[in-house]
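*Asks:* Shown below is the structure under consideration.
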Amino acid sequence: IVTALHSTTKLFLSGPFGSGKTTLALERIRWLLSRERTRGDEILVLVPQRTLALPYAQALRGRNSPPGAPVQISTLAGLSRSAIELYWPLLAASAGFANPRREPAFLNLETAQYHMAPLVDHALNSGDFDGIRVERNRIISQVLDNLNKAALNGFTVDEAYPARRAAHQRRIPRPLPARDLDRL
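Per my numbering, numbering of the sequence shown is gapless, rising by one per residue and ending at 453.
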C-alpha cells in the first residue's frame, strides 16, 4: 500500500472504522506536499461529516503544518456551498431569483429544523399526523428530507407531496382479485 501512497495516480481509501484510512491519507498528503509540484490548494480531502475533518485540520493546519497554501478539507455540502458561492453571479439571473445581485443565504440543518418546527407543530395540532407514531423531531427531519429530494428532482412544494403519495401508493402491495387466487 505504501507504493500506492507514493505514486502520482489518484487514490481512494475505504475501510471500516479504525482501519487506518486517515493515517494513510495523511501520509499520502504529506508525501504529495513534499514534492515541489503539488500545492496544498490543489488537494481536496472530502469527508462525510465535519467531525471527521478534525484529524486532517489538526495535522495539516497546526504549528507543524507543511508550508504553502493550505489543503482544502470539506464535506460534500461544504464543497457544494463553495461552488454555489463561486458561480452565483452566473447562476442567479438565469435561475430567476428576484434580486440576483444579492448573495445567497444558506441554511444549516439546525436553522432549517428551527424554521420547520412551527409548521410541523401546527400540523400536529391540526391532526395531520394522527396516523403516524413517530417523534416530532423525526417528522421535522423527514419533512426536510422530502423537501430537499423534491427540490433536487425539480418539484415545487405544491407538486412534491402528491408525487410522493403517488409513488408510495404504487409500492403498496394490492390484494389479488378473487379470480386470480384460483391460479395460485
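We treat Cβ as the ideally placed atom computed from N, Cα and C, and that holds for glycine.
Apply the 10 Å Cβ neighbour rule to Val403 and answer buried if 16 or more other Cβ atoms are within range, or exposed otherwise.
*Replies:* Using a 10 angstroms sphere on the CB of Val403, the tally of other CB atoms stays under 16, which defines it as exposed.
*Asks:* What's the C-alpha gap between Ile342 and Ser276?
*Replies:* 21 angstroms
*Asks:* Per DSSP, what kind of secondary structure is Leu450 in: helix, strand or coil?
*Replies:* Caution is warranted here: a pLDDT of 49 is assigned to Leu450, below 50, making its placement in the model unreliable, and the coordinate value is therefore given only provisionally. Leu450 falls in the helix class under three-state DSSP.
*Asks:* In this structure, does DSSP put Val412 in helix, strand or coil?
*Replies:* helix
*Asks:* Hey, out of Leu413, Ile353 and Asp390, whose CA is closest to Ala381's CA?
*Replies:* Leu413
*Asks:* Are Pro295 and Tyr325 close, meaning C-beta to C-beta below 8 angstroms?
*Replies:* According to the sequence as given, residue 295 is Leu; it is not Pro. Going by C-beta atoms, Leu295 is nearer than 8 angstroms to Tyr325.
*Asks:* Could you tell me if Leu359 is buried or exposed, where buried requires 16 or more neighbouring beta carbons within 10 angstroms of its beta carbon?
*Replies:* exposed
*Asks:* CA-CA distance, Gly284 and Ala374?
*Replies:* Taking the straight line from one Cα to the other gives about 36 angstroms.
*Asks:* Which first and last residues belong to the alpha helix (DSSP H) in which Ile353 is found?
*Replies:* Here the alpha helix (DSSP H) through Ile353 covers Leu345 to Ala364.
*Asks:* Just tell me which of Arg407, Leu376, Ala420 and Arg306 has its CA closest to the CA of Asp390.
*Replies:* Taking only the C-alpha atoms, the option nearest Asp390 is Arg407.
*Asks:* Hey, out of Leu378, Arg306 and Ala364, whose CA is closest to Ala346's CA?
*Replies:* Among Leu378, Arg306 and Ala364, the Cα nearest to that of Ala346 is on Leu378.
*Asks:* Which of the three DSSP states, helix, strand or coil, is assigned to Gln318?
*Replies:* coil
*Asks:* How far does the alpha helix (DSSP H) with Asn394 in it extend, from its first residue to its last?
*Replies:* Leu378 to Asn394
*Asks:* Drop a sphere of 10 angstroms on the beta-carbon of Ala436, count the other beta-carbons inside from all chains shown, and report buried for 16 or more, exposed for fewer.
*Replies:* Per the 10 Å Cβ criterion, exposed.
*Asks:* One question on the structure: do Leu329 and Val316 come within less than 8 angstroms of each other, judged by their Cβ atoms?
*Replies:* Their beta carbons are not under 8 angstroms apart, which means Leu329 does not touch Val316 by this criterion.
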